[in-house]
Structures are given as C-alpha cells and as structure tokens.
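Worksheet: the structure to be examined is printed underneath.
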Amino acid sequence: MDYPKLILLISGKRKSGKDFLCEKLKDILEEKCTIIRISGPLKSHYAKEHNLNLTELMSNGIYKEKYRLDMINWSDEVREKDPGYFCKAACATVCSTQTSIWIISDIRRKTDIKWFTETYLDKVKTIRISADQDIRIQRGWVFQEGVDNVTSECDLDNWNCWDLQLMNNSPDEGEQNIEKILKFIKLNT
Ligand SMILES: Nc1ncnc2c1ncn2[C@@H]1O[C@H](COP(=O)(O)OP(=O)(O)OP(=O)(O)O)[C@@H](O)[C@H]1O
C-alpha cells in the first residue's frame with residue numbers, strides 16, 4: 516500500500532481552529548492532500564436515519580448545534596458495536612487512491628487514534644491544536660452541557676502522545692503553525 520504516505524490526525528477542542536488550519540494547509544498542498552472528516556459519514560448516516568437536511572447539518576450554523584447533542588449520543592451507540600465504524604466510513608470516501616497526505620481534521624477519541632494506528636501503522640501522526648478558553652469564546656464557543664463535558668470533547672484532553680502540539684491563539688500563531696506542520700510533513704514523507 517503506497518498511498519497515502521502520511522496520515523495526519525488533527526485533534527483540538529471546539530473553536531481551537533482545526534478547520535481553519537486544515538483549510539490553509541489544503542490551499543498550500545492542493546491535490547497532494549485530502550481533508551477527511553469523520554463527521555462526514557457520521558452526519559450523513561444520522562441525517563438519513565432521522566430524515567434531516569444534511570447540508571444544514573454540515574454547516575456551522577444553529578441547525579448543527581441543535582442536533583449536536585443527539586448526534587453525539589446516537590453515534591456513541593453505533594461506536595459501542597463497532598468503535599472504528601465512522602473512521603472506516605470516512606476513509607472509504609477518499610476518491611483519489613494517489614493522494615500523498617490525508618488530513619483527518621476531527622479526531623475526538625482514543626478509539627479513533629487506535630483504529631487509524633492499527634490500520635495504517637507508522638504512517639499515522641497525531642497533532643493537537645490548542646487555544647486559550649478566552650480566545651475560543653471570542654471565536655464563538657459557548658459551553659454546552661452534554662457536549663463540552665462528554666467523551667467526544669474530553670477523551671483526548673489528557674492524552675499525551677502527540678507527535679506535534681500547537682498553540683493557535685492568533686493569526687501570527689496560525690501562520691507559524693502552518694510552517695511547523697509543513698516542515699513536519701516534509702520530515703515524514
Ligand atoms: N490562528 C487563527 N487566527 C485567527 N482566527 C482563527 C485562527 N484559528 C481559528 N480562527 C477562527 O476561529 C473560528 C473557529 O475556528 P474553526 O472553525 O477552525 O475551529 P474548530 O476547531 O474547527 O471548531 P469546531 O470543532 O467547533 O468545528 C473561525 O472563525 C476561524 O476563522
């Protein structure tokens with residue numbers, strides 16, 4: 516299996532800037548990289564089963580927040596039967612078999628990391644994005660009971676085997692983070 520050459524698992528609390536950094540990387544790496552979201556198949560399976568609007572569920576608006584809690588609980592039930600279910604489904608959506616770098620932009624659980632490392636071995640590297648709480652609040656984060664204090668948000672808080680840990684509080688740090696990740700990719704491909 517030659518492709519992908521590297522799989523970056525990106526983790527971070529809500530509004531730490533995961534999507535922001537991943538999109539910037541995609542702009543630079545273009546067709547060399549594919550962004551994969553575990554939440555993609557999770558949301559499409561959830562929308563189908565509950566007869567909901569998938570486009571609205573995929574966006575960052577009120578609709579997504581309204582269903583977030585129920586979606587977490589529903590996905591936990593699916594994971595209980597098969598912990599790698601959504602990781603597997605997300606990887607199955609990759610169209611090009613020749614993309615060098617996969618960026619999984621929403622790693623939330625130890626079981627996600629376990630599934631990827633067992634499946635793709637040393638091609639897998641982990642990155643934790645952090646931002647101070649006041650910065651996350653400025654970016655629109657509001658503590659939500661049942662969302663911010665449950666496994667999906669907290670499971671990796673004390674995991675300390677990250678290959679790269681980045682603070683992402685400002686545009687300057689954002690730019691430095693992109694440089695650091697690009698350097699890291701170069702070292703590992
Ligand atoms: N380094 C940065 N400099 C300036 N703005 C940033 C930076 N990182 C993120 N942001 C902004 O913060 C907001 C939240 O970022 P983003 O959506 O990437 O967070 P997230 O971690 O993906 O959140 P969620 O888990 O809720 O989807 C966005 O408006 C984004 O543009």
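Everything in the sequence shown is counted per the working numbering, starting at 516 for the first residue and increasing by one. The beta-carbon is built from N, C-alpha and C at its ideal position, and this holds for glycine as well.
Where does residue i land, buried or exposed, given buried means 16+ other C-beta within 10 angstroms?
i, result
"SER685", "exposed"
"VAL609", "exposed"
"ASN673", "exposed"
"LYS596", "exposed"
Compare the beta carbon distance of residue i and residue j with 7 Å and say whether it is the shorter of the two.
i, j, result
"PHE601", "ILE650", "no"
"SER549", "TRP617", "For the sequence presented, residue 549 should be read as Thr rather than Ser. Result yes, Cβ atoms of THR549 and TRP617 sit closer than 7 Å."
"LEU584", "VAL662", "yes"
"ILE628", "ILE525", "no"
"GLY655", "ALA605", "no"
"MET682", "GLU688", "yes"
"LYS520", "SER615", "yes"
"ASN675", "LEU536", "no"
"TYR518", "GLN653", "no"
"THR570", "PRO598", "no"
"SER590", "LEU636", "no"
Mind reading off the beta-carbon distance from residue i to residue j? Whole number of angstroms is fine, and I expect it under 8 Å.
i, j, result
"ILE622", "ILE522", "No, ILE622 and ILE522 are not in contact; Cβ-Cβ is about 10 Å, not under 8 Å."
"VAL639", "ILE587", "In fact, because the Cβ distance is near 24 Å, the residues do not count as touching under 8 Å."
"ASN671", "ARG624", "This sequence places Leu at residue 671; Asn is not what is there. Confirmed, Cβ separation roughly 7 Å."
Subject >> the stretch 646-664 / the stretch 516-531 touching (three or more Cβ pairs under 8 Å) >> reply: yes
Original post:
Which whole runs of the beta strand (DSSP E) in the stretch 563-587 are 3 residues long or more, in chain order?
Top reply: none
Subject >> Length-filtered (3 minimum) beta strand (DSSP E) runs lying within the stretch 523-551 >> reply: 548-551
Subject >> Given 8 Å, three or more beta-carbon pairs between the stretch 571-586 and the stretch 627-642 >> reply: no
**OP:** Count the C-beta pairs between the stretch 685-697 and the stretch 539-548 that are closer than 8 Å, then say yes if the count reaches three, no if not.
**Re:** yes
**OP:** Report the residue ranges of all beta strand (DSSP E) runs contained in full by the stretch 625-663; include only those spanning at least 3 residues, in chain order.
**Re:** 639-645
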